[in-house]
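This report concerns only the one structure given below.
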Amino acid sequence: MKNLKKEDNLPPQEQAVLTPGALLRQARLDQGITQEAIANQLKISVTYVAAIEQDNFEELPGLTFARGYVCNYARRVGLNRDIVAKAFDSYTGKKPEAHCPEPVQKVSTQAAAHTPLVKWFSYLVIIVLVIMTIVWWRYDLLQRQNSEALDADTSAEQIMVETVDGENVVSDLIPDPAEEVTTDHALSAEQPEESLEEQQLHTEVPATEILSSEQASNTDEQNDVESVSGGPLSGQAVAEDHDADTAVTESTSSGNESAAVVTVKHENTLTAVFKNECWVEVRDAKTNKMLAAGLKQAGNSISVSHSGPVKIVLGNVNAVERLTFNDNSVSLEGRSRGNVANFVLGQDSE
């Protein structure tokens, strides 16, 4: 580097022009700013600041960087950057430039102004997506729970029963209320009929017994008369006795006929005792009308009276402890298939 020299043709009284380093140093001292403060503002070391003020630009990375540091230094201390740049170019012999380059820190902030808006819009989109995902998940969960509850209720009300023929029959665990009412009504209607027939039987049988007693009394009286008279009765007496015997015989025959009619109309009685859980159905074998149905537990029993043959379905044969029909034990061997029994009792062949 060469120092700034005065031209030989300049007047002796003209003062020398200050160097760029001297201009910057004088401005810093006038403002009372330290070299450390300038170094922090320019983001350079204190050594570089001292080299600039002493015009030792060869200690800097290069003239281009040195010229930029000088321009920034002038801006920090309030000097005209172009004047200081011209002084630097004159001192270093560097080709003058039109003006100092603008600081790199001065950039357009138009894009930065829209950054918060874009950021908040992105946050809003993410929040909406999260809320929609949660709502969809909750809705799908409720739908599955309702479907499972409905399936559980349906399966709880029905049971699959395999018949002896190998067919699968779905039976309701909960009988139809209308069917139960009809069954109860039919049983209630049959019971008074049975009571009426029993009353008639009880009424007729004593009458027969009374007639038999009267016949015996008449015979005794006849014997007494014969013994008293010492001989046989007269023809008229014998005829009267014969007529009385005929009346007694006819009355007795009428009573026997009534008793026979009552015997023909007796009801079949089915009784079952269970030692484990078992589904049971009892139906009219002719009309398939439900007489009784239900899921029986250990210790439960069932008794059904019906005037005709009955059809029985047992869902668990091993759970039946005792089964009787008209006080006769019924064997389930040969009547079941796969621990399920479906058979008829009370037919002519039974």
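Per the numbering used here, the sequence shown starts with residue 193, numbered consecutively.
Where is the CB? At the ideal position from N, CA and C, for every residue including glycine.
Checking the DSSP bridge columns, you'll see Thr516 partnered with Thr463 and Ser521. For Phe257, the enclosing alpha helix (DSSP H) starts and ends at Leu255 to Val269. Excluding sequence positions up to five before and after Val536, its CB lies within less than 6 Å of the CB of Ala477, Pro501 and Lys503, all in the same chain and listed in chain order. The way I'd put it, the stretch 234-245 does touch the stretch 207-222; three or more beta-carbon pairs between them come closer than 8 Å.
As the crow flies, the alpha-carbon of Leu252 is around 10 Å from that of Arg259. A distance below 8 Å between beta-carbons, with the five flanking residues on each side excluded, links Asn460 to the following residues of its chain, in chain order: Ser497, His498, Ser499, Gly500, Pro501, Val502, Phe517, Asn518, Leu537 and Gly538. Here Gly270 is exposed: its Cβ has fewer than 16 other Cβ atoms, across all protein chains shown, within 10 Å.
Here the alpha carbons of Leu342 and Val327 stand approximately 23 Å from one another. Closest by C-alpha distance to Thr463, out of Ala484, Asn480, Thr479 and Arg273, is Ala484.
Under DSSP, Trp471 forms a beta bridge with Leu487.
Look at Arg529 here: in three-state DSSP terms it is strand. At a Cβ-Cβ threshold of 8 Å, Ser528 and Val509 count as neighbours. Excluding five sequence positions before and after Gly213, the CB atoms of its chain that fall closer than 7 Å to its own CB belong to Ile244, Glu245, Gln246 and Asp247, given in chain order.
Straight through space, the alpha carbons of Leu234 and Asp281 are spaced by roughly 21 Å. Note on geometry: alpha-carbon atoms of Glu340 and Ser523 lie some 41 Å from one another.
The criterion of a C-beta distance shorter than 8 Å is not satisfied by Ile318 and Tyr265.
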